[in-house]
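Asks: Order-wise, the sequence lines are chains A and B.
The first sequence maps to residues 9 to 151 in our numbering.
The second sequence maps to residues 9 to 151 in our numbering.
Take this structure, written in structure tokens, and hold onto it; I'll ask about it next.
There are 2 protein chains.
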Amino acid sequence: MSDLLRRLRARGWRLTAQRRVIAEVLDGEHVHYTADEVHARAVELLPEISRASVYNTLGELVVLGEVTEVNTDGRVRRYDPNVHEAHQHLVCSDCGAIRDVRLTADPLKALPEGERFGFQVAEATVTYYGRCPECAAANAGPA
Amino acid sequence: MSDLLRRLRARGWRLTAQRRVIAEVLDGEHVHYTADEVHARAVELLPEISRASVYNTLGELVVLGEVTEVNTDGRVRRYDPNVHEAHQHLVCSDCGAIRDVRLTADPLKALPEGERFGFQVAEATVTYYGRCPECAAANAGPA
DNA sequence: TCCTATATTGGACTCAATCTAAGTCAAGAC
DNA sequence: GTCTTGACTTAGATTGAGTCCAATATAGGA
Numbered sequence: 009m010s011d012l013l014r015r016l017r018a019r020g021w022r023l024t025a026q027r028r029v030i031a032e033v034l035d036g037e038h039v040h041y042t043a044d045e046v047h048a049r050a051v052e053l054l055p056e057i058s059r060a061s062v063y064n065t066l067g068e069l070v071v072l073g074e075v076t077e078v079n080t081d082g083r084v085r086r087y088d089p090n091v092h093e094a095h096q097h098l099v100c101s102d103c104g105a106i107r108d109v110r111l112t113a114d115p116l117k118a119l120p121e122g123e124r125f126g127f128q129v130a131e132a133t134v135t136y137y138g139r140c141p142e143c144a145a146a147n148a149g150p151a
Numbered sequence: 009m010s011d012l013l014r015r016l017r018a019r020g021w022r023l024t025a026q027r028r029v030i031a032e033v034l035d036g037e038h039v040h041y042t043a044d045e046v047h048a049r050a051v052e053l054l055p056e057i058s059r060a061s062v063y064n065t066l067g068e069l070v071v072l073g074e075v076t077e078v079n080t081d082g083r084v085r086r087y088d089p090n091v092h093e094a095h096q097h098l099v100c101s102d103c104g105a106i107r108d109v110r111l112t113a114d115p116l117k118a119l120p121e122g123e124r125f126g127f128q129v130a131e132a133t134v135t136y137y138g139r140c141p142e143c144a145a146a147n148a149g150p151a
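Given below as structure tokens:
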């Protein structure tokens, strides 16, 4: 059983076949699937799993803090199981490939007090956009 | 005529009543409307304007570089006419209010070469999340 | 094993956004 | 001023992500 499943079980999460395969699909490095991609992969392991279960389970994992939602293209939400290491995202503006990246400076420090408008600022997300090596090689011209 | 309309006209943009009211709606500080909000406001100035025209025009303004798309909640796209001053966004995690903010450090500098995975990194967007003064006053408890 | 609270399912539904085909009109030519 | 034309706008259909719901199934404790 994965660490994820062990933690969930310890928190009283009822362990079903559906949740098990979703956890399995989310296991790995640089994983940022959409709900539909999670569903497509889960179906290969458990053919009868429904889209509603995938949405339900992903939503619960987000609430439990085991997965974060990321949105890098303004269109589809993606799910990132890497919550145990502070990181940001680097996105290829051509193909949409996503890599996890670690920063050398805390972005919160770049927001001066005079720019906070009285907000209690808690968190910052940074997304970098550029062209990945594969897209740069495939197309030397402009995006 | 606003600066925006003057610039668009100089670029050969055909000036229609619909485009005029959309440009008018987008005029102002800290404006981050959704397409539907732009449509609702445009309808007050030009009752017969269609949603498709709003989407078409916003899309063209984005391509022309006169407006940028922002997505702060992972759901709806918003349109930001403030493209003449480099800025990032500060979002209230309770009510969704958005403010433009200027940073003291370039976020690109926080991404070391060893974390670039061979990407040609061009751009970074930073979004800060926190609670605005109004929401903090209205609800002293946790979000 | 039985029971019950909880999870899953399929399908209908919502909402943002896009597409289509037909009608309209801004602006340059005369 | 009017004509012409291709770009623009329109209403409505369509797409696609995501949500909701009532009926059914089941995990896991008693």
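Quick reminder that beta carbons are idealized off the backbone N, C-alpha and C, glycines included.
All values reported here derive from a predicted model rather than from experimental measurement.
1. Taking the runs of the alpha helix (DSSP H) that are 4 residues or longer, which of them lie wholly in the segment 32-72 of chain A?
2. Cβ atoms of Ala31(B) and Leu13(B): under 9 Å apart, would you say?
3. Using a C-beta cutoff of 9 Å, does Met9(B) count as contacting chain A?
4. Find the residues of chain A that neighbour Tyr137(B), judging by a C-beta separation of less than 7 Å, and give them in chain order.
5. Give the residues from the segment 101-125 of chain B that approach chain A closer than 8 Å (Cβ to any Cβ), ordered along the chain.
6. Quick one: using the 10 Å Cβ neighbour count with 16 as the cut-off for buried, is Glu52(B) buried or exposed?
7. Any idea if Met9(B) is buried or exposed, counting beta-carbon neighbours within 10 angstroms, 16 or more meaning buried?
8. Can you grab the Cα-Cα spacing for the pair Thr76(A) / Leu23(B), in whole Å?
9. Enumerate in chain order the residues of its own chain whose CB-to-CB distance from Gln5(A) is below 6 Å, with the five nearest sequence positions on each side excluded.
10. Return the residues of the segment 74-88 of chain A that lie within a Cβ-Cβ distance of less than 7 Å from chain B, sorted by chain order.
11. Does Ala144(A) come within less than 9 Å of chain B when only Cβ atoms are used?
12. Using only CA atoms, which one of Val134(B), Gly122(B), Thr112(B) lies nearest to Gln96(A)?
13. Helix, strand or coil for Gly122(A) per DSSP?
14. Quick one: Cα of Arg85(B) to Cα of Val29(A), how far?
15. May I have the straight-line CA-CA distance separating Ala18(A) from Glu123(B), to the nearest angstrom?
16. So the candidates are Ala48(B), Ala144(B), Gly20(B); which of them puts its Cα closest to the Cα of Ser101(B)?
17. Give the straight-line distance between the Cα atoms of Leu98(B) and Leu116(A), rounded to the nearest whole angstrom.
18. Give the straight-line distance between the Cα atoms of Trp21(A) and Leu72(A), rounded to the nearest whole angstrom.
19. Is there a C-beta anywhere in chain B that falls below 9 Å from the one on Pro55(A)?
20. Cβ atoms of Asn90(A) and Val129(A): under 9 Å apart, would you say?
21. DSSP beta-bridge partners for Gly138(A)?
22. CA-CA distance, Glu93(A) and His47(B)?
23. From the beta carbon of Val51(B), is the nearest beta carbon of chain A less than 9 Å away?
24. Spatial neighbours of Val70(B) within its chain, please: CB distance less than 8 Å, with the 5 preceding and 5 following residues excluded, ordered by chain position.
25. Is Asp11(A) helix, strand or coil when you go by DSSP?
26. CA-CA distance, Ala132(A) and Asn79(A)?
27. Using a Cβ cut-off of 9 Å (strictly closer), state whether Val33(A) contacts chain B.
28. Could you check how far apart the C-beta atoms of Leu119(A) and Val33(B) are, in whole angstroms? I think they sit under 8 Å.
29. Quick one: Cα of Leu16(B) to Cα of Gly36(B), how far?
30. Check whether chain B comes within 9 Å of Leu98(A), counting only Cβ atoms and requiring the distance to be less than that.
Replies: This is what the structure holds:
1. 43-53, 59-72
2. The residue given as residue 13(B) occupies position 5 in the second sequence. The residue given as residue 31(B) occupies position 23 in the second sequence. It is a contact, given that the beta carbons lie within the stated cut-off.
3. To locate residue 9(B), count along the second sequence from 1; it is residue 1. Residue confidence for Met9(B) is low, a pLDDT of 47 falling below 50, so the modelled location carries little weight; the figure read from the coordinates is stated next. Output row for Met9(B): interface = no.
4. Counting from 1 along the second sequence, the entry for residue 137(B) is found at position 129. Ordered by position in chain A, the residues that pass the 7 Å Cβ test against Tyr137(B) are Ala130, Glu131.
5. Among the residues of the segment 101-125 of chain B, those with a Cβ less than 8 Å away from any Cβ of chain A are Ser101, Arg107, Val109, Arg110, Leu111, Thr112, Ala113, Pro115, Leu116, Lys117, Ala118, Leu119, Pro120, Glu123, Arg124, Phe125, in the order of the chain.
6. By 1-based counting over the second sequence, the position of residue 52(B) is 44. Result: exposed.
7. Taking the second sequence and counting its residues from 1, one reaches residue 9(B) at position 1. Any reading at Met9(B) must be qualified, since the residue scores a pLDDT of 47, below 50, and its modelled position is unreliable; the value itself is stated next. Looking at its Cβ environment, which holds fewer than 16 other Cβ atoms inside 10 Å, Met9(B) is exposed.
8. The count along the first sequence starts at 1 and reaches residue 76(A) at position 68. The count along the second sequence starts at 1 and reaches residue 23(B) at position 15. Note on geometry: alpha-carbon atoms of Thr76(A) and Leu23(B) lie some 44 Å from one another.
9. No answer is possible for residue 5(A): it lies beyond the span of chain A, which begins at 9 and ends at 151.
10. The segment 74-88 of chain A vs chain B, Cβ under 7 Å: Glu77, Asn79, Gly82, Arg85.
11. Along the first sequence, one-based indexing puts residue 144(A) at 136. Output row for Ala144(A): interface = yes.
12. Here residue 96(A) refers to the residue found at position 88 when the first sequence is read from its first residue. Of all alpha-carbon atoms in Val134(B), Gly122(B), Thr112(B), the one lying nearest the alpha-carbon of Gln96(A) is that of Val134(B).
13. As a position in the first sequence, residue 122(A) is number 114, starting the count at 1. Helix.
14. Residue 85(B) sits at position 77 when you count from the first residue of the second sequence. Residue 29(A) sits at position 21 when you count from the first residue of the first sequence. Distance between the alpha carbons of Arg85(B) and Val29(A) is about 32 Å.
15. By 1-based counting over the first sequence, the position of residue 18(A) is 10. By 1-based counting over the second sequence, the position of residue 123(B) is 115. Cα to Cα, Ala18(A) sits roughly 35 Å from Glu123(B).
16. Taking the first residue of the second sequence as 1, we reach residue 101(B) at position 93. Minimum Cα distance to Ser101(B) is reached at Ala144(B).
17. The sequence position of residue 98(B) within the second sequence is 90, counting from 1. The sequence position of residue 116(A) within the first sequence is 108, counting from 1. So the two alpha carbons sit approximately 11 Å from each other.
18. Translated into the one-based positions of the first sequence, residue 21(A) becomes position 13. Translated into the one-based positions of the first sequence, residue 72(A) becomes position 64. Answer to the nearest angstrom: the Cα atoms are 10 Å apart.
19. The residue you call residue 55(A) lines up with position 47 of the first sequence. No, because no Cβ of chain B sits closer than 9 Å to the Cβ of Pro55(A).
20. Looking up residue 129(A) in the first sequence gives position 121. Looking up residue 90(A) in the first sequence gives position 82. Not a contact, by the Cβ cut-off of 9 Å.
21. Taking the first residue of the first sequence as position 1, residue 138(A) is located at position 130. Cys100(A), Val129(B).
22. Counted from its first residue, the first sequence places residue 93(A) at position 85. Counted from its first residue, the second sequence places residue 47(B) at position 39. So the two alpha carbons sit approximately 42 Å from each other.
23. Translated into the one-based positions of the second sequence, residue 51(B) becomes position 43. Output row for Val51(B): interface = no.
24. Taking the second sequence and counting its residues from 1, one reaches residue 70(B) at position 62. Contacts found: Thr76, Glu77, Tyr87.
25. For the purposes of this step, residue 11(A) is identified with residue 3 of the first sequence, where counting begins at 1. Note: Asp11(A) maps to helix in three-state DSSP.
26. Your numbering for residue 132(A) matches position 124 in the first sequence. Your numbering for residue 79(A) matches position 71 in the first sequence. Cα to Cα, Ala132(A) sits roughly 14 Å from Asn79(A).
27. For the purposes of this step, residue 33(A) is identified with residue 25 of the first sequence, where counting begins at 1. No, Val33(A) lies away from the interface with chain B (no Cβ there is under 9 Å from its Cβ).
28. What you label residue 119(A) is simply residue 111 of the first sequence in a count that begins at 1. What you label residue 33(B) is simply residue 25 of the second sequence in a count that begins at 1. Not really, about 29 Å apart at Cβ, beyond 8 Å.
29. Here residue 16(B) refers to the residue found at position 8 of the second sequence. Here residue 36(B) refers to the residue found at position 28 of the second sequence. Each residue's alpha carbon lies about 17 Å from the other.
30. For this step, residue 98(A) is matched to residue 90 along the first sequence. Leu98(A) counts as touching chain B.
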